[in-house]
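What follows is a set of notes on a single structure, which appears directly below.
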Amino acid sequence: MRIVVLGAGMIGVHIARELIEEKREVVLIEKDSDAAAIASSELDCLVINDDGSKPEVLRKAGAARSDWFLALTGSDEVNIVACGLVAAESRAVRTVARVESSFYSSLSPVQRKAFGLDMLVNPTMETASAVVRIVDEGFAEDVIPLHEGRLQLRYLPAKSIEGYAGHSLRQIRHSHEADFLVAAIVKPYGLLIPDGEYVIEAEDLMYLLGTPEGLDRVAGAVAGVRESARRVIIIGATKIGARLIEALGRRSSDRERGLGALIKRALKKQRSITVLESSREHAKSLAKNFQGIDIVHGDSSEEGVLEKAGAEKADLVVCATESQTFNILTAQLAKTLGAKKSVAIALNDRYKSLSSVLEVDALVSMKSVVAATVLELVRRAHIRTIHDFYEDDVELVELSLGKDSLVAGKPLKELSLPKGVLVGFAFQGGAIVVPSGDTVLQGGDVVGFIARKGSIAGLERIFGGARGA
1 MRIVVLGAGM
11 IGVHIARELI
21 EEKREVVLIE
31 KDSDAAAIAS
41 SELDCLVIND
51 DGSKPEVLRK
61 AGAARSDWFL
71 ALTGSDEVNI
81 VACGLVAAES
91 RAVRTVARVE
101 SSFYSSLSPV
111 QRKAFGLDML
121 VNPTMETASA
131 VVRIVDEGFA
141 EDVIPLHEGR
151 LQLRYLPAKS
161 IEGYAGHSLR
171 QIRHSHEADF
181 LVAAIVKPYG
191 LLIPDGEYVI
201 EAEDLMYLLG
211 TPEGLDRVAG
221 AVAGVRESAR
231 RVIIIGATKI
241 GARLIEALGR
251 RSSDRERGLG
261 ALIKRALKKQ
271 RSITVLESSR
281 EHAKSLAKNF
291 QGIDIVHGDS
301 SEEGVLEKAG
311 AEKADLVVCA
321 TESQTFNILT
331 AQLAKTLGAK
341 KSVAIALNDR
351 YKSLSSVLEV
361 DALVSMKSVV
371 AATVLELVRR
381 AHIRTIHDFY
391 EDDVELVELS
401 LGKDSLVAGK
411 PLKELSLPKG
421 VLVGFAFQGG
431 AIVVPSGDTV
441 LQGGDVVGFI
451 ARKGSIAGLE
461 RIFGGARGA
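Numbered according to the working numbering, the sequence shown spans residues 1 to 469.
Next comes the structure, spelled out in structure tokens:
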């Protein structure tokens, strides 16, 4: 698969690196000479230092001969123009444009096609949606919800569960009735994807994957995972903050429908949203656009401001300013003051390694969210990253089997999966299954895998058709 990426910014370089690790042929175009030089030294691909909005540069990169063209610069206009030029040269290439303006995001499919756009990715909208999703699904510190909370990934020390140390995973699975999986082991050298013969050591840190009920029986219940967030504080009147107000406001009033939902809403308190913003101008602008929210003007780093906003009584505090360091520190402070849960929005993954020592309940990386969205589009079989382990180049991914899939009707043990890939779960007919080698896959199944990034192409060969089918 050949992919041309326009833009060597944070997101462009990250996605290019991911694609290279998955054994794709990547060409990167970057106008800024310093950024191009850095990308060339870090990435094993051709880097063209030139203006990607010029037809001759796109031809030099072979954009029209590629399978995908990803326009990921920080300029909506450059991305739109570049995609249009590539689409005019070839109808076969698929185009993706990163956009920040809501105008482009609101274009109809016909209008997008007129611009030569197959897909649009809005980092602000994707990040806000990721936050709302974990709030809806139920989350807590070291608990990652998956599939609307029907599955969980939990991070905990092996010694916290009696009888694990000194036993193999096969022995542990046989001794428990609950369906669960030790998905990964954190080692000083990185992440280990274990097989059934692996023997747990007392100092191991584990990721367990399973249903909430099954994991509760194995590791004990986690308080407050599904607790509704009625009192919400959003720190930062940013674009993401505005998106969160829209989404969280809708969730509290019109997500459910019908008589039963009306009764539930009548019995429940309406979700209240407070926005804390240091800029008086931004605060006024937000107040004009959103009715029914409380605006507190002040700097949360100053004494007494978080308390004035009601952090000690908040069910949820989301820190969404432009500074990721500020967001993390403020989210930590909010928890210290008494907030039940806190979320920090980060630009990149720089602080993810601190997740286990911070009291922040969720750290949402804009870079990771956007990368997961783009990679799902590009990968054959529509392989989607649902969790990226920060300790190593390991992902929890999933794919949906088509009704005419070549693997339908076959047991997992006959599929010759890439070495080191672990089957994590399967949704079959609405039921959740922790598969064994004898599990027979059927069309319509959703299957999850724990895999190193270099194994993704191998999964595509087994489960995917041509050009993402």
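Backbone N, C-alpha and C define an ideal beta-carbon position, used for all residues, glycine too.
Since this is a predicted model, take the numbers as computed values, not measurements.
Asked	Found
DSSP puts Ile233 in a beta bridge; with which residues?	Thr274, Val317
For Arg257, name the three-state secondary structure that DSSP assigns.	Reliability fails at Arg257, whose pLDDT of 43 lies under 50, so the model's placement of it is uncertain and the value that follows must be treated cautiously. Arg257 falls in the coil class under three-state DSSP.
Run through the stretch 116-175 for me and flag every whole beta strand (DSSP E) of 3 or more residues, listed as ranges in chain order.	119-121, 143-146, 151-157
Select from Glu398, Ser356, Ile144 the residue whose C-alpha is nearest the C-alpha of Val446.	Glu398
Which residue comes first and which comes last in the alpha helix (DSSP H) that contains Tyr104?	102-105
Going by C-alpha to C-alpha distance, which of Ser342, Ile328, Leu333, Ile235 sits closest to Asp294?	Ile235
Three or more beta-carbon pairs under 8 Å between the stretch 158-172 and the stretch 106-114, yes or no?	no
Between Ala202 and the rest of its own chain, which residues show a CB-CB distance below 7 Å, the 5 nearest in sequence each way excluded?	Ala158, Lys159, Ala165
Can you find the residues in the same chain that come closer than 8 Å, C-beta to C-beta, to Ile20, ignoring five residues on each side of it along the sequence?	Val26, Leu43, Asp44, Cys45
Whole angstroms is fine: what's the gap from Leu151's alpha carbon to Pro212's?	6 Å
Is it right to say Thr471 is buried, meaning 16 or more other beta carbons lie within 10 angstroms of its own, or is it exposed?	Since the first residue of the chain shown is 1 and the last is 469, residue 471 is not available in this structure.
Please confirm whether Gly214 and Asp179 have their CB atoms less than 8 Å apart.	yes
Hey, Ala128 and Ile233 are a contact pair by Cβ (cut 8 Å); roughly how many whole angstroms apart?	With 8 Å as the limit, Ala128 and Ile233 do not qualify as a contact, their Cβ atoms being about 16 Å apart.
My understanding is that Thr95 touches Gly62, with C-beta atoms under 8 Å, so please give their C-beta distance in whole angstroms.	Rounded, the Cβ-Cβ distance is 14 Å, inconsistent with contact.
Enumerate, from N- to C-terminal direction, the unbroken alpha helix (DSSP H) stretches of 4 or more residues contained entirely within the stretch 4-69.	10-21, 33-42, 55-61
From which residue to which residue does the beta strand (DSSP E) around Glu442 run?	The sequence shown places Gln at residue 442, rather than the Glu named in the question. Premise fails: Gln442 is in no beta strand (DSSP E) and is neither H nor E.
Which residues share a DSSP beta bridge with Tyr207?	Tyr155, Ala184
Let me make sure I understand the geometry here. Which of Arg217, Leu146, Gly210 has the alpha-carbon closest to that of Glu162?	Arg217
Quick check: Lys340 and Gly454, are their CB atoms within less than 8 Å of each other?	no
If you reduce the DSSP assignment to three classes, tell me which class Ile472 lands in.	The first residue shown for the chain is 1 and the last is 469, placing residue 472 beyond what the model contains.
Quickly, what does DSSP pair His297 with across the bridge? List them, please.	Glu277
Using the Cα positions of Ile185 and Val135, report the straight-line distance between them to the nearest angstrom.	27 Å
For the 8 Å Cβ check, are there 3 or more pairs between the stretch 71-91 and the stretch 49-56?	yes
Could you check the C-alpha separation between Ala334 and Ala39 for me, to the nearest Å?	38 Å
Check whether the Cβ atoms of Ser353 and Tyr390 lie closer than 8 Å to each other.	yes
Please go through the same chain and pick out, in chain order, the residues whose beta-carbon is closer than 7 Å to the beta-carbon of Leu377, but skip the five residues on each side of it.	Val96, Met119
Let me check understanding here. Comparing Cα to Cα, which of Val99, Ala64, Asp142, Lys31 lies closest to Ala87?	Ala64
Within the continuous beta strand (DSSP E) that includes Ser368, where are the two ends?	First-last for Ser368: 366-378, but that is the alpha helix (DSSP H), not the beta strand (DSSP E).
Can you check which of these residues, Glu197, Ser278, Leu415, is closest to His174 by C-alpha distance?	Glu197
Measure the C-alpha to C-alpha separation of Leu72 and Ser368 and round it to an integer number of angstroms.	14 Å
Can you check DSSP and say which residues form a bridge with Asp76?	Beta-bridge pairing links Asp76 to no other residue.
Comparing alpha-carbon positions, which option in Ile456, Val440, His387 lies nearest Val146?	Position check: residue 146 holds Leu in this sequence, whereas Val was assumed. Out of Ile456, Val440, His387, His387 has the C-alpha closest to the C-alpha of Leu146.
Which residue's Cα is closest to the Cα of Arg231: Gln428, Ala311, Ile456, Lys31?	Ala311
Measure the alpha-carbon distance for Lys187 versus Lys288 and round it to whole angstroms.	51 Å
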